[in-house]
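*Asks:*
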Amino acid sequence: MPQTDYYKDKKYCPRCTDYVRYLQSLEASFCVSCGAKVRLFSSADKRAFLRSLQADKDARKKGSKRVS
Ligand SMILES: [Zn+2]
């Protein structure tokens, strides 16, 4: 099994400033240790993620005019 399950099982808790196990509710997810709302990524990771998405988009735009 690859180690990529890490981010599936854990979310970022801004109060713990770490990736934590969480409880999933209908509207949000909550840290199991402090009860704060957790996010999928830390803000730093989110920036990196968005940047990689943008880079991917730019690469595709340059690559070809048609998208099939
Ligand atoms: Zn927490």
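Quick note: the sequence shown, position 59, residue 63 per the numbering used here, numbers continuous.
Glycine included, each C-beta is placed from N, C-alpha and C at the ideal position.
Just so you know, these numbers come straight off a predicted model, no measurement behind them.
From Ala40 to Arg64, what distance separates their C-alpha atoms?
*Replies:* Approximately 38 angstroms between the Cα atoms of the pair.
*Asks:* Decide yes or no for the touch test of the stretch 12-21 against the stretch 34-53: beta carbon pairs closer than 8 angstroms, at least 3 of them.
*Replies:* With the cut-off at 8 angstroms, the stretch 12-21 and the stretch 34-53 touch.
*Asks:* Here's a check: name, in chain order, each residue in its chain whose Cβ is nearer than 6 angstroms to the Cβ of Ser33, leaving out the five neighbours to either side.
*Replies:* Cβ within range, chain order: Lys15, Tyr26, Val42.
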